[in-house]
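Reviewing the structure listed below.
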Amino acid sequence: MSKGFVIAATHSGAGKSLISMALLRCFKRQNLQMAAAKTGPDYIDPAFHAKAIGGICYNYDLWAMNDASLNMVQTHLAKADMAIIEGVLGLFDGPIEGIGSTADVAAKLNLPVILVVDAGAMGQSVAALIHGFATYRKDVTIAAVIFNNIGTPRHEKMLRAAIEPLNIIVIGCLPRHKNMLLPSRHLGLVQADEMQDFETFINGAADYIEQHLDLGLLASKAGTLSANGKKAEFKLKPLGQKIAIAKDAAFTFIYPHIVTQWRQMGAEVSYFSPLNNELPNSDVDAVFLPGGYPELFAAELASKAELRIRLKQLAQNDKIIYGECGGYMAMGKALIDKQGVRHQMFDLLDLVTSFEQPKRQLGYRKLQHDSQLPWARNLFGHEFHYTHALEANGEPLFKAWDAQNVSHGNMGLQNGTIMGSYAHIIDVKGS
């Protein structure tokens, strides 16, 4: 059993990610064994949380993950002294069809919610806001609030007095602090591994949190999280017995639960860095090129002739070469960067992608396929990118629908054992 709570917010951008990772470091400094999870389909926040505790942060996605995956994550969280689950967007925001909001997660795990409120432009009206959040769903308990972006001591006093009749505890008030901002780019925060001064930053953030929040009071509001003892079979089968996964600043987006499950199913997983001139071993059965930022490293990737040759050799020997989003882009003939410069890619698919005129695509996807992927037909995933395909010729890999079952047509390409698309696969649901 573990103690735990969910960090949620009234809306996206209220500060819950920074507060979550700082709290993870705060409690870790108390010599507690910490566990972390992130609601929904996110890669970047979990990487920060993992670095904050020196461990792993799994996603917990009620819309896209099956019972076996959810049980695995819940059991992992329950083994720690304390677990913190960061929410997504606002507390009640999620897919229009089905479950998946932060509130849904709190209800399923029966954990209290700590609500982060950006009160920078609010006064007494904050009471009506919090009252609404606290009473909107009877199966969700808001145990306490954290006020963020506070201007003055007078402002703090006003906010505390406003919600006193609600009988909701205030854990603390965080003053505006220009140094408590994480750098970002077009897909969100800059990756954790790219911050050379991450330890300085996270320890400074933890010091800031300790100064302004009552951590003892917060810990007293935590609920109890038990392991889920139900046995269920993992459904997203390994791509092969020996899998090589690209991993560096250009290829970074892979869900930890997938690698954990593949290893538990007996697969041998290794990593290689294209940017560091590393190659997948010649004896692998499959190569996985995850999403990331190839558009920022297009010139470097264009120079990797040995990797291009190795991937083609593996494909000629009927080994699976599979790419998602950024990995899919790298499998094409060329990638056009933001300045309009064309760069040669790995030339595995008849595909040209461009970042010259960014166009955002975002949302959950239901996917069906008839391919050599060793996966069940019904896949659930997510799409989030700013590049687009200028040319995509060949047999499509998936038929795609969004969370409302609106058709998005064909997605991706396949050529024998060479396969990829813009979708990030999360799990298999159904048969």
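Residue numbers (this note's numbering): -2 to 428.
Beta carbons: idealized from backbone N, C-alpha and C, even for Gly.
Counterpart residues of residue i in DSSP-defined beta bridges
i    : result
A243 : F269
E83  : I4, K35
Q411 : E392, M416
W398 : K363, S404
T350 : L332, A386
V110 : V3, I139
N283 : Inspection of the sequence shows that residue 283 is occupied by Ala rather than by Asn. Looking at the DSSP assignment, A283 forms a beta bridge with I240, I317.
I166 : A141
N513 : One cannot answer for residue 513 here, as it falls past the ends of the chain, which runs -2 to 428.
T221 : K0
Q341 : A331
Residue i to residue j span [Cα, whole Å]
i     : j    : result
S17   : G84  : 9 Å
H209  : C170 : 6 Å
L394  : Q411 : 5 Å
I143  : K218 : 13 Å
H340  : H385 : 15 Å
S(-1) : S223 : 7 Å
S300  : F198 : 34 Å
F231  : F377 : 14 Å
D42   : V137 : 23 Å
V123  : M416 : 50 Å
A246  : S9   : 26 Å
D194  : N402 : 44 Å
M342  : A331 : 5 Å
T257  : M155 : 48 Å
L15   : K228 : 35 Å
V338  : D64  : 45 Å
L126  : A158 : 14 Å
T221  : N68  : 16 Å
K244  : S66  : 23 Å
T249  : K135 : 39 Å
Q27   : G201 : 16 Å
Y133  : S368 : 45 Å
Beta-carbon contacts of residue i that lie in its chain and below 6 Å, excluding the five residues immediately before and after
i    : result
D347 : N390, G391
R182 : Annotation note: pLDDT 43 at R182 (below 50); position unreliable, no value reported.
D315 : T414
G97  : L59, W60, G91
F352 : E292, D334, K335, T384
I53  : A47, P253
Q121 : A159
F381 : L359
A104 : D136, V137
Residue i vs residue j beta-carbon contact at 8 Å
i    : j    : result
M79  : M119 : no
A295 : I240 : no
I168 : A203 : no
Y252 : N56  : yes
Q238 : E196 : no
Y419 : Y325 : yes
I81  : F130 : no
H421 : C322 : yes
L276 : L304 : yes
L387 : V349 : yes
H254 : P38  : no
I242 : P271 : no
I50  : L21  : yes
M192 : I423 : no
V114 : I139 : no
K363 : W398 : yes
L318 : A312 : One point to set straight first is that residue 318 is Ile, not Leu, in the sequence displayed. Yes, the Cβ-Cβ distance between I318 and A312 is below 8 Å.
L112 : A100 : no
Closest by C-alpha distance to residue i, when choosing among the options
i    : options                : result
L370 : K76, D194, G320        : G320
A466 : K25, G427, G409, A420  : Absent from the structure is residue 466, since the part of the chain shown begins at -2 and ends at 428.
D90  : Q310, G226, W60        : W60
E94  : A400, Q354, T249       : A400
Q71  : T36, S98, A49, S404    : T36
R151 : I166, P172, Y133, R305 : P172
F269 : A47, L308, K234        : L308
L108 : D344, G148, A5, N407   : A5
A116 : T221, T249, N146       : N146
L236 : L106, N200, V281, G226 : V281
S279 : T7, K105, T149, Q310   : Q310
H73  : A373, Q261, A34        : A34
G329 : A373, I166, G409       : G409
A75  : G12, N225, K105        : N225
F285 : N273, W259, G263, A302 : W259
Contacting residues, own chain, Cβ-Cβ under 8 Å from residue i (five flanking each side not counted)
i    : result
P355 : H183, K335, Y383, T384
H174 : Y205
Same chain, Cβ closer than 7 Å to residue i, neighbours up to 5 away in sequence not counted
i    : result
H128 : L163
C23  : A203, I206, E207, L212
R357 : Y383
A77  : S(-1), Q30, M31, A32
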